[in-house]
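The next block holds one structure in the form of structure tokens; read it before the comments.
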Amino acid sequence: MNKDILIENKDNILDIKFNRPESRNAITREMFEHLLTVLEKCKEDHELRAIFLSGEGDAFSAGGDVKDMASKEDNSSLEEKTNSLRRIMGVSELLYTLPIPTISIINGAAAGAGFAIALACDMRIATENAKFVTAFSKIAFSGDFGGSYFLTKIIGSAKARELFYLSESIDGKKANDLGIVNSLVNSTEINDYTKNLKNKFRNLAPIAIKYMKKNLNIAEIGDLNLSLNQEALHMMICSETEDHKNAAKAFVNKEKVVFKGK
Numbered sequence: 175m176n177k178d179i180l181i182e183n184k185d186n187i188l189d190i191k192f193n194r195p196e197s198r199n200a201i202t203r204e205m206f207e208h209l210l211t212v213l214e215k216c217k218e219d220h221e222l223r224a225i226f227l228s229g230e231g232d233a234f235s236a237g238g239d240v241k242d243m244a245s246k247e248d249n250s251s252l253e254e255k256t257n258s259l260r261r262i263m264g265v266s267e268l269l270y271t272l273p274i275p276t277i278s279i280i281n282g283a284a285a286g287a288g289f290a291i292a293l294a295c296d297m298r299i300a301t302e303n304a305k306f307v308t309a310f311s312k313i314a315f316s317g318d319f320g321g322s323y324f325l326t327k328i329i330g331s332a333k334a335r336e337l338f339y340l341s342e343s344i345d346g347k348k349a350n351d352l353g354i355v356n357s358l359v360n361s362t363e364i365n366d367y368t369k370n371l372k373n374k375f376r377n378l379a380p381i382a383i384k385y386m387k388k389n390l391n392i393a394e395i396g397d398l399n400l401s402l403n404q405e406a407l408h409m410m411i412c413s414e415t416e417d418h419k420n421a422a423k424a425f426v427n428k429e430k431v432v433f434k435g436k
């Protein structure tokens, strides 16, 4: 099972790759459990600068593995099943709330829970051959992993309802037009683009980015007073860091600064 998700930490960038290309990277229960554990550990890794999710082959992820679900008999109560699902849905919650930028690289199909997980990330980069579909209504499911929350937040209620109810596939260009993805990249250039993006995140000030992400998440609550209070607090915390002091000196002296996360 460990080979179904490939994990690599290289120069403070964590790569998480779904590795079941033969099933379009459909995610089994065991894979969700593994992914949840990996993300939980990220809470304690203060050296990480970003987390990148991708899929092997020609798909990001087809979502939950329906064959895997159908093959397992579960005699648990409704409450037990609900609690079990909610626990692994912590994957989306962590991608959204971890104080580390999360980026999904979508090279093909992103469907169902796979689409939802991509939506939970801070940024989405897609190739022109990417396909997005909520897919749930096609198998008489209502949706999980925060898809309804994140899609509504990103593109608005009316269009999110259309995509959920009708479950129609949209391509990378349409997703870009709707604001679902941050950038649309040619498939022949995606590796170089991703490499360059990783280097950009490596060179950012991690403490400032941590509080910036908190500010942006708080802003979505829609409470101006709360946002202003938290911005003021976070700004003053950042002002006391070595990174800020070194950056201020470097700015004055027109020098390059290297952020150390202190």
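Residue numbers (this note's numbering): 175 to 436. In this text, a Cβ means the ideal position worked out from N, Cα and C, and glycines have one as well.
Between A284 and F324, the C-beta spacing is not below 8 Å. In its chain, beyond the 5 residues on either side, I277, N356 have a beta carbon closer than 6 Å to the beta carbon of M297. Approximately 7 Å separates the beta-carbon atoms of I190 and I179; this is inside 8 Å, confirming the contact. For the pair F338 and Y385, the Cα-to-Cα distance works out to about 33 Å. Cβ-Cβ distances below 6 Å link V240 to nothing in the same chain once the five nearest sequence neighbours on each side are left out. In the pairwise beta carbon analysis, the segment 258-278 is classified as touching the segment 216-228: at least three pairs are separated by under 8 Å. For A287, the uninterrupted alpha helix (DSSP H) segment begins and ends at 287-294. The DSSP-derived three-state label of I225 is strand. Cβ-Cβ distances below 7 Å link I381 to C412, T415, D417, G435 in the same chain, with the five nearest sequence neighbours on each side left out; the list follows chain order. In this structure, the CA atom of V265 is about 19 Å from the CA atom of A233. Taken atom to atom, the span from the alpha-carbon of N281 to that of T326 is near 23 Å. Relative to T202, the option among C216, I181, A236 whose CA is nearest is A236. Taking C-alpha positions only, E253 is separated from E204 by approximately 20 Å.
Cβ atoms of K177 and N199 stay farther apart than 8 Å, at about 13 Å. For D189, the enclosing beta strand (DSSP E) stretches over residues 187-192. Membership of V359 in the beta strand (DSSP E) is indicated by the continuous run 357-359.
Secondary structure note for E182: its beta strand (DSSP E) is the uninterrupted segment 179-184. With contacts defined as CB atoms closer than 8 Å, L352 and K333 qualify as a contacting pair. In the three-state reduction of the DSSP assignment, A283 falls in the strand class.
Remark: fewer than three beta-carbon pairs, one from each stretch, lie closer than 8 Å, so the segment 297-313 and the segment 256-263 are not flagged as touching. Secondary structure at A314: coil, using DSSP grouped into helix, strand and coil.
In the DSSP assignment, the residues bridged to R298 are S278. Rounded to whole angstroms, the separation of the alpha carbons of Y367 and F289 is 21 Å.
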